[in-house]
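Q: Under my numbering, residue 189 is the last one in the sequence shown; the count climbs by one each step, no gaps. Virtual Cβ for every residue (Gly too), placed ideally from N, Cα, C. For clarity, every value in this text was computed on a predicted model and none was experimentally measured.
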Amino acid sequence: MSPVLFAVYMDTLIARLRISGFGCTLADTYYGCLVYADDIMLLSHTVNAMRHMLAICDQFAAEFDLKFNNNKSVAMRVGKKFSVQCAPFILSGGELKCVSELKYLYLVAAKCFKTIV
Numbered sequence: 073m074s075p076v077l078f079a080v081y082m083d084t085l086i087a088r089l090r091i092s093g094f095g096c097t098l099a100d101t102y103y104g105c106l107v108y109a110d111d112i113m114l115l116s117h118t119v120n121a122m123r124h125m126l127a128i129c130d131q132f133a134a135e136f137d138l139k140f141n142n143n144k145s146v147a148m149r150v151g152k153k154f155s156v157q158c159a160p161f162i163l164s165g166g167e168l169k170c171v172s173e174l175k176y177l178y179l180v181a182a183k184c185f186k187t188i189v
């Protein structure tokens, strides 16, 4: 039953993120929030947009009595400024750790997307 309930909750969150206008879009298709099993990946083209998306997630969590696990959540930058420090990203009242690799998904921070094979 929990995968079904997760899907019901996440559909509402994905709709809110899509409507907000923040996140990545390609050929009029929204890719700002990728969901697989119980994992969520937010994608944005700017640090500011990501902060807005995290705020939407926090508001959603408060309304639906949920809490995102910021101990398991991380942030990673890709692009020309991938190694430049920025103010921390905040989710569920805690700072997200900045990483240069997402080993679960085999992604590496760089000037462009890379994958580890």
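Based on Cα-Cα distance, which residue from LEU114, GLU135, LEU77 and ALA79 lies nearest to ARG90?
A: Checked all of LEU114, GLU135, LEU77 and ALA79; the closest Cα to ARG90 is LEU114.
Q: Taking the straight line between their C-alpha atoms, what separation do you get for ASN142 and ALA99?
A: Roughly 32 Å between the two C-alpha positions.
Q: Between the beta-carbon of SER164 and the beta-carbon of PHE140, is there less than 8 Å?
A: Cβ atoms of SER164 and PHE140: closer than 8 Å.
Q: What residues in its chain sit with their C-beta under 8 Å from that of VAL146, if we drop five residues either side in the sequence?
A: Within the same chain, VAL146 has close Cβ partners LEU168, LYS169, CYS170, VAL171 and LEU174.
Q: Assign GLY104 to one of two classes, buried (16 or more other C-beta atoms within 10 Å of its C-beta) or exposed (fewer than that).
A: With 16 or more Cβ atoms within 10 Å of its Cβ, GLY104 is classed as buried.
Q: Would you mind reading off the limits of the beta strand (DSSP E) that contains MET148?
A: Looking at the DSSP string, MET148 is not in any beta strand (DSSP E), and its letter there is neither H nor E.
Q: Report the three-state DSSP secondary structure of VAL107 (helix, strand or coil).
A: Strand at VAL107.
Q: Just mark PHE136 as buried or exposed, buried being the case when its beta carbon has 16 or more other beta carbons within 10 Å.
A: That one is exposed.
Q: In whole angstroms, give me the CA-to-CA distance for SER74 and VAL80.
A: Those two C-alpha atoms are separated by around 10 Å.
Q: Which residue from ARG123, MET82 and ASP130 puts its Cα closest to that of VAL107?
A: It is MET82 whose Cα lies nearest to the Cα of VAL107.
Q: Helix, strand or coil for LEU77 per DSSP?
A: Note: LEU77 maps to helix in three-state DSSP.
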